[in-house]
Amino acid sequence: MKKGLKIFLVVLIGILLAADLGGGAYLFNFAFKKGNYSSKDANMELKGNDKWFASQKQTIWTEKSKDGLKLKARYLPATKKTNKTVVVIHGYGSASKYMGSFVKIFHEAGYNVLAPDNRSFGMSEGEYAGYGWSDRKDITGWINRINKKDPHSQIGMYGISMGAATVMYTLGEHPKNVDFAIADCGYSTISGELNYQLKEMFNLPSFPLVQTAAIYSKIFAGYNFYQADTKNTLKNNHVPLFIIHGSKDTFVPVSNAYINYKNANDSKKLWIVKDAEHGKAYKTDKREYTHKVDDFAQKYFK
């Protein structure tokens, strides 16, 4: 091989490597780093059920994550004393205070509700989003806190979008005293969702950008997002799982619902909400949504 060609190839490889490292870093910071991902304005006026939630007499719980982050959650006790508590988990770019509609469903059914702020969102500390994978350990910590408060607790989990993935990943930790779980429009894998969004948002192939972003995630966020897969977290799960997904979801494709349902053990239930977009199943049919969620909770809260 001629010397000039060798030099050209070395330079070309260097340019490609630099482009990959730069592109992977951009993807990681865009999707994971606090302040760069889409987030609701902390001072945005609360409306509807979010305003109702803010008006309720609630307490703020504080826990420390295993990696030293101070995490916060809103606890709303039932109007009558009960050992039944539902953990309500928000989605990407949101926070506990925007979960009023779902908090209200469970509170009006007579249950205590705990609504955590996932790491890097709302009141909780953290520089990087956990996408449900780091959060699964944090949610297990909150569930342990509920059980410590009352060893005879009965616990349900509800999550939407990233919160739904969090629910399904947390089930792989076999949390104690959990009687049911509801996952609305959750993805099956973090890597799959990133692959999809790269194509949808930027019309770019996933390789090698997602693989490089995974390296940054391991170094800076402290986790390997390729490990996050409901195929692994649901295979030995025996907590009844209700999977909800909108038929017109273009952010987390409805194919994820079928994958998650296939990955889950019995008892499981699937509801594809006709014409619902991402995270809009409740708004598409509030009465039917509330009815189905209530029925599922009552069936397993004995």
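Numbering (the UniProt record's numbering), first residue to last: 1 to 302. Glycine included, each C-beta is placed from N, C-alpha and C at the ideal position. Please read all numbers here as calculations on a predicted model, not as lab measurements.
Check	Outcome
Looking at C-alpha atoms only, which residue of A297, N260, A181 is the closest neighbour of M232?	Looking at the sequence itself, residue 232 is Asn, so the reference to Met does not match. Among A297, N260, A181, the Cα nearest to that of N232 belongs to N260.
Cα separation between K248 and S153?	37 Å
Need the endpoints of the beta strand (DSSP E) that A183 sits in, please.	178 to 184
To which residues of the same chain is F32 closer than 7 Å at the C-beta, ignoring the five residues directly before and after it?	Y128, A129, S217, A221
Is G246 near H278, with beta carbons less than 8 Å apart?	yes
Rounded to a whole number of angstroms, what is the C-alpha to C-alpha distance between I243 and L270?	5 Å
I'd like to check one pair, Y169 with G132: are the Cβ atoms closer than 8 Å?	yes
Below 8 Å, how does it come out for the stretch 171 to 180 and the stretch 101 to 114: are there three or more Cβ pairs, yes or no?	no
Which full runs of the alpha helix (DSSP H) of 4+ residues lie inside the UniProt domain "Serine aminopeptidase S33" (81 to 182), going along the chain?	100 to 108, 133 to 149, 162 to 170
What number of angstroms, rounded off, separates the C-alpha of G156 from the C-alpha of Q58?	19 Å
Using the rule of at least 16 other Cβ atoms within 10 Å of the residue's Cβ for burial, across every protein chain shown, is A183 buried or exposed?	buried
Would you check if the distance between the CB atom of L71 and the CB atom of D117 is smaller than 8 Å?	yes
Based on Cα-Cα distance, which residue from A213, I190, M44 lies nearest to K97?	M44
Under 7 Å Cβ to Cβ from H238, same chain only, skipping five residues before and after it: list those, please.	N265
Measuring alpha carbon to alpha carbon, tell me which residue in N263, G100, P253 is nearest N236.	N263
Is the beta carbon of L234 sitting closer than 8 Å to the one on L171?	yes
Going by C-alpha to C-alpha distance, which of N144, D138, A95 sits closest to residue 309?	Residue 309 cannot be examined here, being either before or after the span of the chain that is shown, 1 to 302.
Less than 8 Å separating the beta-carbons of K84 and W52?	no
Can you give the Cα-Cα distance for K80 and V86, rounded to whole angstroms?	15 Å
Give a yes or no on whether the C-beta atoms belonging to D120 and K34 are separated by under 8 Å.	In the sequence as displayed, the identity of residue 120 is Ser instead of Asp. Yes, the pair counts as a contact, with Cβ atoms nearer than the cut-off.
Assuming residue 310 is part of the beta strand (DSSP E), what are its boundary residues?	Nothing can be reported for residue 310: it is not among the residues displayed for the chain, which extend from 1 to 302.
Can you tell me whether A18 is buried or exposed? The criterion is at least 16 other CB atoms within 10 Å of its CB, across all chains shown.	Its pLDDT being 34, under 50, A18 is placed unreliably in this model, and the value from its coordinates should be taken loosely. Burial call: exposed.
Any idea which residues DSSP pairs W271 with across the strands?	I244
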